[in-house]
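Below is one structure; the comments refer to it alone.
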Amino acid sequence: MMFLSKRGICMEDNIYEIIYMVRMGDPSALNILMDSFHETIACHVRRFCKDHPYEQFEQDDLIQEGMISLYGAAGTYRYDKCSSFDTYAYLLFENRLKNISRHARTNKEASVMNVYHLNEIVRGFDVEMIELIEQSDCLSMPEYVFAMKEAYDLLCETVMEMTEKQKMAVADWAHEICLHPYGKNGTKEDRRRQAMVHRVRQMIRNALEV
47 MMFLSKRGIC
57 MEDNIYEIIY
67 MVRMGDPSAL
77 NILMDSFHET
87 IACHVRRFCK
97 DHPYEQFEQD
107 DLIQEGMISL
117 YGAAGTYRYD
127 KCSSFDTYAY
137 LLFENRLKNI
147 SRHARTNKEA
157 SVMNVYHLNE
167 IVRGFDVEMI
177 ELIEQSDCLS
187 MPEYVFAMKE
197 AYDLLCETVM
207 EMTEKQKMAV
217 ADWAHEICLH
227 PYGKNGTKED
237 RRRQAMVHRV
247 RQMIRNALEV
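When we follow the working numbering, the leftmost residue of the sequence shown carries the number 47, and every step to the right adds one.
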């Protein structure tokens, strides 16, 4: 694939020279490289964000990550060992995005367990989540502590058995991410996410019916 920079330099014909100049610290060559690949990186970022709606990445941040990855590719590319520079740069950026996604997913899944404290739910910390447990059945003393422990264990078990998308929906719910209702103003993606949140809520309610 051939990229044409804003300066009119054909990247296909000059790529090795530009990479060499970038390695030598030439700022003009670096600008040419960044300008030439900016739209390609932005397009890839838009597609990535569309494929990962639950992780709510900022596109500008990912484009910046793409530029960092591109600079890294220019520094490590070996024309005698690798495929084309386009492919090499793409693979590096793809791996970088996977690592970012994995890191965000790990942090979000860990936070799921942190926000679902049943004691806080019972005290009214989150009014919407009080209905997850039957207060009249499990809050009488001295059975309170046992019932809370049992409910929390069931909650953890239910969440851990969910699919990745379901876990993301639980995290969205827990963090009170604003989603449009089913009405006409909500996009198709908003309604799909809202439906997923509704399903995982019901799964948790069913699991806590002890």
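Yeah, the Cβ is synthetic: ideal placement off N, Cα and C, and Gly gets one too.
Because the structure is a prediction, the values reported are computed rather than measured.
query: Scan the stretch 127 to 153 and note each continuous alpha helix (DSSP H) run of 4 residues or more that stays entirely inside, going in chain order.; result: none
query: Are the CB atoms of Phe131 and Ile87 within a distance shorter than 9 Å?; result: no
query: If you check the beta carbons only, do Cys95 and Phe103 fall under 9 Å apart?; result: yes
query: Select from Asn145, Tyr66, Ala241 the residue whose C-alpha is nearest the C-alpha of Ala119.; result: Tyr66
query: Relative to the alpha-carbon of Met113, which residue among Asp126, Lys127, Val91 has its alpha-carbon at the smallest distance?; result: Val91
query: Can you tell me which of Arg124, Glu111, Gly121, Tyr125 puts its alpha carbon nearest to the alpha carbon of Asn141?; result: Glu111
query: Which residues mark the beginning and the end of the alpha helix (DSSP H) in which Arg93 is found?; result: 73 to 97
query: Taking just the CA atoms, how far does Glu63 sit from Pro73?; result: 14 Å
query: Indicate whether Tyr117 and Tyr134 have their beta-carbon atoms separated by less than 9 Å.; result: no
query: If I measure Cβ to Cβ from Ile109 and keep anything under 8 Å in the same chain, skipping five residues before and after, which residues do I get?; result: His84, Ile87, Ala88, Val91
query: Between Arg69 and Ile146, what straight-line distance do the alpha-carbon atoms span, to the nearest angstrom?; result: 26 Å
query: Straight-line CA distance for Gln105 to Lys127?; result: 32 Å
query: Got a sec, what are the start and stop residues for the alpha helix (DSSP H) Leu117 sits in?; result: Checking the sequence shown, residue 117 turns out to be Tyr, not Leu. Where Tyr117 is concerned, the enclosing alpha helix (DSSP H) stretches over 105 to 122.
query: So what does DSSP say about Tyr62, is it helix, strand or coil?; result: helix
query: What separation, rounded to the nearest whole angstrom, lies between the Cα atoms of Ala150 and Ile61?; result: 34 Å
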